[in-house]
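Read through the structure below, which is laid out as structure tokens, and then see the notes.
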Amino acid sequence: MATDHIIVGGGVYGAGTAWELASRGEDVLLLEADEIASGASGGLGKRGVRANGRDPRELPLMALAYDMWPTLADELGVETGYERTGHLRLYERTTAGLRGGFETAPARAQVQSELGVETRVLSKERVAELEPHVSDDVVGALYCPNDGVADQTATTRGLARTAVELGATIREQTPVRGLELDGGEVTAVVTDDDRFEVGETVLLLSNTHVPELVESELDRSLPVWTTWPQVSATEPMDDVPVNHLIGHDHRRLALKAIPGDRVMISGGWRGEWDETAQQGIALDDRIEGNAADARAVFPTLRDVDVETADASRPESVSVDHVPILDTLPEATNAIVGTGWTGHGFAISLAVNRLLARWASEGNRPELLAPFSLDRFSNAA
Ligand SMILES: Cc1cc2nc3c(=O)[nH]c(=O)nc-3n(C[C@H](O)[C@H](O)[C@H](O)COP(=O)(O)OP(=O)(O)OC[C@H]3O[C@@H](n4cnc5c(N)ncnc54)[C@H](O)[C@@H]3O)c2cc1C
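Residue numbers (this note's numbering): 907 to 1286.
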């Protein structure tokens, strides 16, 4: 018997779209290779729920997600670890190349505010009031009061659990190996031991696995690659010096307070694939490089050791740093979602709702149009 909607991948996208489809009374099956939240949607610490500094194409999605994050825990009946901390994008330079520096902050604030993301330019003095431990070199900040943080593992597992309560079926330890096609549509999803017939749509939401599957089964190459983002956490502190979610204009730096009185350090440093370990690993010099940036901006962190680091969670990156969300000419009932580029978590609630609407009603929602594949071709 066919299932109306089959989802490949049990990260925040697969689990969240399963929840949204089940909430609409749709028939859903989710197939996960390992366990829920074993990919980019799990792991150390928390994720930033940040609009500040995003590509303008993603800002309307963040404006929608802002309304959804605060009530999600109550809707799911689970802890999501969500906190509206606000985000400060810090500036240490007045000018930085053609695209950076504090002089760019008013224009950025204008665009973000017009696209539904409340944003203010803060003076050096105001930043020092909000973050008393910040370096004296900081000259100002771009502030989004509605940004925050959430626990990615708890959120993803909560979405999956509630999807099941609403009637979705989830099969873990069930890697998808192939697709069967007929007449330009996917008719079945194939695993080691089974084949699952598709009634209406298949949603390929397995992050770094999507390009691999699309290449092998549909003979189409997506302009996406895999990276291993590095995150680390300090030892516990008596007085955690970071109050907000922190970003930086010219340093690859993100900071947030996480449970256990620690500071999580991230922001774009990468680990590497290790052939022997068969996973992404964090490298000492890069952990130290990321920590050095953190200590330059929050000098009190100089006395604090980094206790743990991780780069085992793969993430897909797209050429223009925004995701690909589209159907494919080779399989018109397959919706793909990949290329999140290290910032897919925050927008996921909004995207999942729109993906569920797309799968169930058959039309791509207007807010997802900027993420279609034709942006990379002359066909547009
Ligand atoms: C270290 C790190 C820090 C980040 N920080 C932030 C942040 O602060 N803010 C933010 O917004 N975003 C952040 N991101 C990005 C965000 O976490 C991801 O974009 C998001 O979690 C992607 O969700 P997903 O469901 O697409 O993928 P995943 O969570 O990777 O889920 C994909 C799932 O597919 C499964 N799968 C793989 N192959 C198969 C197969 N053959 N069959 C079935 N299932 C399969 C995997 O096991 C996995 O569970 C960060 C990412 C990382 C890695």
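Glycine is no exception: its CB is placed at the ideal position from the N, C-alpha and C atoms.
Subject >> Neighbourhood of Val1228 by C-beta, 8 Å cutoff - its chain only, sequence neighbours within 5 removed >> reply: Counted from its first residue, the sequence shown places residue 1228 at position 322. The answer, listed in chain order, is Asp961, Arg963, Glu964, Gly1245, Thr1247, Pro1276, Phe1277.
**OP:** Would you list the residues sitting across from Lys1030 in a DSSP beta bridge?
**Re:** By one-based count along the sequence shown, residue 1030 stands at place 124. Looking at the DSSP assignment, Lys1030 forms no beta bridge with any residue, so it has no partner.
Subject >> Contact set for Ile1230: own chain, Cβ-Cβ below 7 Å, skip 5 residues either direction >> reply: Your numbering for residue 1230 matches position 324 in the sequence shown. If we look at Ile1230 and ignore the five residues flanking it on each side, its Cβ neighbours are Leu1128, Val1130, Ser1224, Val1242, Thr1244, Gly1245, Phe1277, Leu1279.
**OP:** Look up Ser1172 in the DSSP assignment and say whether it is helix, strand or coil.
**Re:** For the purposes of this step, residue 1172 is taken as residue 266 along the sequence shown, with counting starting at 1. The answer is strand: DSSP assigns Ser1172 an E or B state.
Original post:
Who pairs with Phe1102 in a beta bridge, going by DSSP?
Top reply: Your numbering for residue 1102 matches position 196 in the sequence shown. Val1095, per the DSSP bridge assignment.
**OP:** Starting from the C-beta of Val1027, find all residues in its chain whose C-beta is less than 7 Å away, skip the five residues before and the five after it, and write them out in chain order.
**Re:** For the purposes of this step, residue 1027 is taken as residue 121 along the sequence shown, with counting starting at 1. Same-chain partners within the cutoff: Ala1011, Pro1012, Ala1015, Gly1046, Leu1048.
Subject >> Residue span of the beta strand (DSSP E) that contains His993, given as start and end >> reply: Position 87 of the sequence shown holds residue 993. Here the beta strand (DSSP E) through His993 covers 993-997.
Subject >> Neighbourhood of His1154 by C-beta, 6 Å cutoff - its chain only, sequence neighbours within 5 removed >> reply: Looking up residue 1154 in the sequence shown gives position 248. Leu996, listed in sequence order.
**OP:** Just grab the DSSP bridge partners of Pro1135 for me.
**Re:** Sequence index remark: in the sequence shown, residue 1135 carries index 229 (1-based). Beta-bridge pairing links Pro1135 to Arg1176.
Original post:
With a CB to CB cut of under 6 Å and the five nearest residues on each side skipped, what residues in its chain are close to Leu994?
Top reply: The residue you call residue 994 lines up with position 88 of the sequence shown. Closer than 6 Å at the Cβ level, and outside the excluded window around Leu994, lie Ala1047, Tyr1049, His1150, Ile1152.
Original post:
Excluding five sequence neighbours on each side, which residues of the same chain lie with their C-beta closer than 6 Å to the C-beta of Leu937?
Top reply: Sequence index remark: in the sequence shown, residue 937 carries index 31 (1-based). Correct list, in chain order: Val914, Arg1077, Thr1080, Val1082.
Original post:
Candidates Thr1140, Glu1272, Thr1133: which alpha carbon is nearest Thr1214's?
Top reply: Counting from one through the sequence shown, the residue named residue 1214 turns up at place 308. With distances taken between Cα atoms, Thr1214 lies closest to Thr1140.
Subject >> Any non-hydrogen atom of ligand 1 within 6 Å of Tyr919 CB >> reply: Walking along the sequence shown from the start, residue 919 turns up at place 13. Tyr919 Cβ: within cutoff of ligand 1.
Subject >> Glu884, enclosing alpha helix (DSSP H) - first and last residue >> reply: Coverage of the chain is limited to positions 907 through 1286, which leaves residue 884 absent and any answer about it impossible.
Subject >> Contact under 7 Å by Cβ, Arg1219 with Gly949 >> reply: The residue you call residue 1219 lines up with position 313 of the sequence shown. The residue you call residue 949 lines up with position 43 of the sequence shown. Contact flag set, yes.
**OP:** Have a look at Ser929, Gly1022, Leu978 and flag the residue whose alpha-carbon is nearest the alpha-carbon of Pro966.
**Re:** Here the question's residue 966 lines up with position 60 in the sequence shown. For the residues Ser929, Gly1022, Leu978, the minimum Cα distance to Pro966 belongs to Gly1022.
Original post:
Cβ of Pro1117 within 6 Å of any heavy atom in ligand 1?
Top reply: Residue 1117 sits at position 211 when you count from the first residue of the sequence shown. Incorrect: Pro1117 has no Cβ contact closer than 6 Å to ligand 1.
**OP:** Could you check how far apart the C-beta atoms of Val918 and Phe1282 are, in whole angstroms? I think they sit under 8 Å.
**Re:** Start at 1 with the first residue of the sequence shown, and residue 918 comes out as number 12. Start at 1 with the first residue of the sequence shown, and residue 1282 comes out as number 376. The Cβ separation is near 25 Å, so there is no contact.
Subject >> CA-to-CA distance, Glu926 to Asn1258, given in whole angstroms >> reply: For the purposes of this step, residue 1258 is taken as the residue at position 352 of the sequence shown. For the purposes of this step, residue 926 is taken as the residue at position 20 of the sequence shown. The straight-line gap separating the alpha-carbon atoms of Asn1258 and Glu926 is approximately 7 Å.
**OP:** Jot down the residue ranges of each uninterrupted alpha helix (DSSP H) in the stretch 1166-1239, minimum 4 residues, whole runs only, in chain order.
**Re:** Taking only runs of at least 4 residues, the alpha helix (DSSP H) segments lying wholly in the stretch 1166-1239 are 1190-1203.
Subject >> Continuous beta strand (DSSP E) stretch holding Asp980: start and end >> reply: What you label residue 980 is simply residue 74 of the sequence shown in a count that begins at 1. No beta strand (DSSP E) contains Asp980, which is instead part of the alpha helix (DSSP H) from 965-982.
**OP:** Leaving out five residues on either side along the sequence, give the residues of the same chain with a beta carbon under 8 Å from the beta carbon of Met1143.
**Re:** Translated into the one-based positions of the sequence shown, residue 1143 becomes position 237. Cβ within range, chain order: Asp1167, Arg1168, Val1169, Val1210.
**OP:** Pull up the DSSP beta-bridge partners for Tyr988, would you.
**Re:** As a first step, residue 988 is located in the sequence shown; it is residue number 82 there, counting from the start. Tyr988 is not bridged to any residue.
Original post:
If we count the other Cβ atoms within 10 Å of its Cβ and call it buried at 16 or more, is Ala1136 buried or exposed?
Top reply: Against the sequence shown, residue 1136 aligns to sequence position 230. Reading the sequence as shown, one finds Gln at residue 1136 and not Ala. Classification for Gln1136: buried.
Original post:
Cα-Cα, which of His1115, Val934, Asn1269, Ala1160 is closest to Ala1198?
Top reply: Numbered from its first residue, the sequence shown carries residue 1198 at position 292. When only C-alpha atoms are compared, the closest one is Ala1160.
**OP:** Would you tell me roughly how many angstroms separate the C-alpha atoms of Ser1122 and Ala1262, rounded to the nearest one?
**Re:** Here residue 1122 is taken as the residue at index 216 of the sequence shown, counted from 1. Here residue 1262 is taken as the residue at index 356 of the sequence shown, counted from 1. Going from the Cα of Ser1122 to the Cα of Ala1262 covers about 26 Å.
Original post:
Taking C-beta to C-beta, are Val1104 and Val1092 nearer than 7 Å?
Top reply: Indexing the sequence shown from 1 puts residue 1104 at position 198. Indexing the sequence shown from 1 puts residue 1092 at position 186. Against a cut-off of 7 Å, the Cβ pair of Val1092 and Val1104 comes out as a contact.
Subject >> Ile912, DSSP secondary structure in three states >> reply: By 1-based counting over the sequence shown, the position of residue 912 is 6. Strand at Ile912.
**OP:** Check whether the Cβ of Glu926 lies closer than 6 Å to any heavy atom of ligand 3, and answer yes or no.
**Re:** This structure simply doesn't include ligand 3; it includes ligand 1 instead.
Original post:
Using a threshold of 6 Å, is the CB atom of Pro1165 nearer than that to any non-hydrogen atom of ligand 1?
Top reply: Counting from 1 along the sequence shown, the entry for residue 1165 is found at position 259. No, since every heavy atom of ligand 1 falls outside the 6 Å radius drawn around the Cβ of Pro1165.
**OP:** Would you tell me roughly how many angstroms separate the C-alpha atoms of Val1212 and Glu1178, rounded to the nearest one?
**Re:** Looking up residue 1212 in the sequence shown gives position 306. Looking up residue 1178 in the sequence shown gives position 272. Near 19 Å, if we compare the C-alpha coordinates of Glu1178 and Val1212.
Original post:
Does any heavy atom of ligand 1 sit closer than 6 Å to the C-beta of Gly915?
Top reply: Taking the first residue of the sequence shown as 1, we reach residue 915 at position 9. Correct: Gly915 has its Cβ closer than 6 Å to ligand 1.
Original post:
Going by C-alpha distance, which of Ala957, Arg999, Asp973 is nearest Gln1018?
Top reply: As a working mapping, residue 1018 is identified with position 112 in the sequence shown. Of Ala957, Arg999, Asp973, the residue nearest in Cα terms is Ala957.
Original post:
Would Pro1038 be called buried (16 or more neighbouring beta carbons within 10 Å of its own) or exposed?
Top reply: Counted from its first residue, the sequence shown places residue 1038 at position 132. Looking at its Cβ environment, which holds fewer than 16 other Cβ atoms inside 10 Å, Pro1038 is exposed.
Subject >> Endpoints, the alpha helix (DSSP H) within which Val1120 is located >> reply: Counting from 1 along the sequence shown, the entry for residue 1120 is found at position 214. First-last of the alpha helix (DSSP H) with Val1120: 1115-1124.
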